[in-house]
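*Asks:*
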Amino acid sequence: MPSPSPQKRTVPSFWRVCASQLATVSLFTLAIPIRPATAAISEFQVCAAELLRADVSRDLAAAACAEVLYPKDLSLCVLKIKTLTPIGANDALVACTRVRRPKELAKCVVDIDDNIENADSLSVLDHCRRTLLPLRFAECVVGLSREIDFSPPRALETCIDAEDFPR
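What follows is the structure, given as structure tokens:
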């Protein structure tokens, strides 16, 4: 009996390799856990819940969350300012909706409020809202107040005026 040609022998082994690879991949996919279908919590829902927790009225919370590009950042800003400073939620909401970087606004207000004694919180909020670089502004106010005997209003005004044209 003649021996089978090498080409006939390689074809069946090729199919065996393919079949074994397919079986391996199939078994691997069975081992991957499948997450149950759950309703995702939207960032608008988180925003509304956090603003309500900060004692913002339902109507204001709905309007504010619907208007902003990043609702979770807005609600985090309001919640952080309200809980860590004496500023009310409605004042914080107005300021947080008027800035591009609400999380940086909150950090600015909290940092100055924590480090400067006798600072008027609403003035701090307004200055942090007006600056283009809230984190740098907070560093300026805190640094000047620590090293130079500046009153809080003078430190706020000096740092806000210095940002117009940095050299």
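Numbering that gives the first Met the number 0 puts the sequence shown at residues 0 to 166.
Glycine included, C-beta positions come from ideal geometry on N, C-alpha and C.
Predicted, not measured: the structure shown is a model, and the values here were computed from it.
Just to check, is the beta-carbon of residue 156 closer than 7 Å to a non-hydrogen atom of the ligand ADP?
*Replies:* Of ligands this structure carries none, so the ligand ADP is not represented either.
*Asks:* Quick check: what's the CA-CA separation for residue 140 versus residue 91?
*Replies:* Taking the first residue of the sequence shown as position 1, residue 140 is located at position 141. Taking the first residue of the sequence shown as position 1, residue 91 is located at position 92. Approximately 20 Å, taken between the alpha carbons.
*Asks:* Helix, strand or coil: which one does DSSP assign to residue 142?
*Replies:* In the sequence shown, the residue the question calls residue 142 occupies position 143. The answer is helix: DSSP assigns residue 142 an H, G or I state.
*Asks:* Going by alpha carbons, who is nearest to residue 44 out of 131, 25, 72 and 118?
*Replies:* Here residue 44 corresponds to residue number 45 of the sequence shown, with the count starting at 1. It is 72.
*Asks:* Return the residue from the list 136, 120 and 159 that minimises the CA-CA distance to residue 87.
*Replies:* By one-based count along the sequence shown, residue 87 stands at place 88. The residue with the shortest Cα to Cα distance from residue 87 is 120.
*Asks:* Starting from residue 151, follow the alpha helix (DSSP H) in both directions and report where the run begins and ends.
*Replies:* Here the question's residue 151 lines up with position 152 in the sequence shown. Looking at the DSSP string, the run of the alpha helix (DSSP H) that includes residue 151 is 151 to 161.
*Asks:* From residue 22 to residue 102, what distance separates their C-alpha atoms?
*Replies:* As a first step, residue 22 is located in the sequence shown; it is residue number 23 there, counting from the start. As a first step, residue 102 is located in the sequence shown; it is residue number 103 there, counting from the start. Distance between the alpha carbons of residue 22 and residue 102: 51 Å.
*Asks:* Spatial neighbours of residue 100 within its chain, please: C-beta separation below 7 Å, excluding the five flanking residues on both sides.
*Replies:* As a working note, residue 100 is residue 101 in the sequence shown. Cβ neighbours of residue 100 beyond the five flanking positions: 133.
*Asks:* What residue range does the alpha helix (DSSP H) around residue 91 cover?
*Replies:* Position 92 of the sequence shown, counted from the first residue, corresponds to residue 91. Per DSSP, residue 91 belongs to the alpha helix (DSSP H) from 88 to 96.
*Asks:* Considering only residues of the same chain and omitting the five flanking positions on each side of residue 159, which have a CB-CB separation below 8 Å?
*Replies:* Taking the first residue of the sequence shown as position 1, residue 159 is located at position 160. Excluding sequence neighbours, residue 159 sits near 126, 129, 130 and 136.
*Asks:* Specify, as a first and last residue, the run of the alpha helix (DSSP H) that residue 49 falls within.
*Replies:* On the sequence shown, residue 49 is found 50 positions in, with the first residue counted as 1. First-last of the alpha helix (DSSP H) with residue 49: 42 to 52.
*Asks:* Is DSSP giving residue 147 helix, strand or coil here?
*Replies:* Start at 1 with the first residue of the sequence shown, and residue 147 comes out as number 148. The answer is coil: DSSP assigns residue 147 none of H, G, I, E or B.
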